Amino acid sequence: MTTSENDLAALSQLGRQTVQPDSPETATLERVPSPHKGRDYVVRFTAPEFTSLCPVTGQPDFAHIVIDYIPGDWIVESKSLKLYLTSFRNHGAFHEDCSVSIATKLVEVLNPKWLRIGAYWYPRGGIPIDVFWQTGLPPEGVWVPAQDVPGYRGRG
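Just so it is clear: in the sequence shown, position 41 is 41 by the UniProt record's numbering, and no numbers are missing.
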């Protein structure tokens with residue numbers, strides 16, 4: 001199956017000059033039909049330089065985020081995902097809220113067969129906070145690779 005011109009015409013960001021959204025609430029996640037409906041495969045997005053702000057101090061927080069999902073009828077349009085993720089740059093929220101909100105929004109927009117997020121946050125105050133969430137078990141027989149993001153080991 002190929003993406004039709006109508007599917008592409010419905011996109012508001014791809015191929016156009018786009019203003020960075022101010023916040024996750026103003027960002028638009030877009031989708032296109034899955035090119036392989038009926039076939040289970042894993043799509044992975046990795047954002048090793050994700051940033052948000054501490055809601056109390058306003059200090060920057062950094063994370064390495066890995067999103068894996070098995071499409072149903074839709075796949076996420078990657079430019080819109082990039083803009084959505086960078087919209088957190090000036091957004092104040094705790095690590096847990098950022099991580100689960102990203103996954104929840106993707107599930108809402110895509111209705112995937114399965115999705116998981118691994119958010120590996122760099123330490124502030126000497127403690128890294130890693131957040132993991134998934135919709136349930138992946139379909140049987142699908143190869144889901146390990147995320148392989150090393151845990152924080154300090155300076156030694």
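By construction, the Cβ of each residue, glycine as well, lies at the ideal position given by its N, Cα and C atoms. Computed from a prediction, not measured in an experiment: that's the story for all the values here.
Out of P71, Q147, K82, the CA that lies nearest to the CA of I117 is found in Q147. The residues H64, V66, G118, Y120, in chain order, have a CB closer than 7 Å to that of V149 in the same chain once the five nearest residues on each side in sequence are set aside.
Leaving aside the five residues that flank W133 on each side, the residues in its chain whose CB is nearer than 6 Å to its CB run, in chain order, V100, A103, I117.
A direct Cα-to-Cα measurement between P33 and E77 gives close to 10 Å. Short of 8 Å from the beta carbon of D73, and not among the five residues preceding or following it, lie these beta carbons of its own chain, in chain order: P33, S34, K37, N111.
In terms of Cα proximity to W114, the closest of Q20, R44, S23 is R44. Within the same chain, L29, F45 come within 7 Å of L81 by CB-CB distance, once the 5 residues on both sides are set aside. In this structure, A93 and S52 form a Cβ contact; the two beta carbons are roughly 6 Å apart against a cut-off of 8 Å. Within its own chain, the residues whose Cβ lies closer than 6 Å to the Cβ of Y69, once the five positions on either side in sequence are excluded, are V43, P112, L115, listed in chain order.
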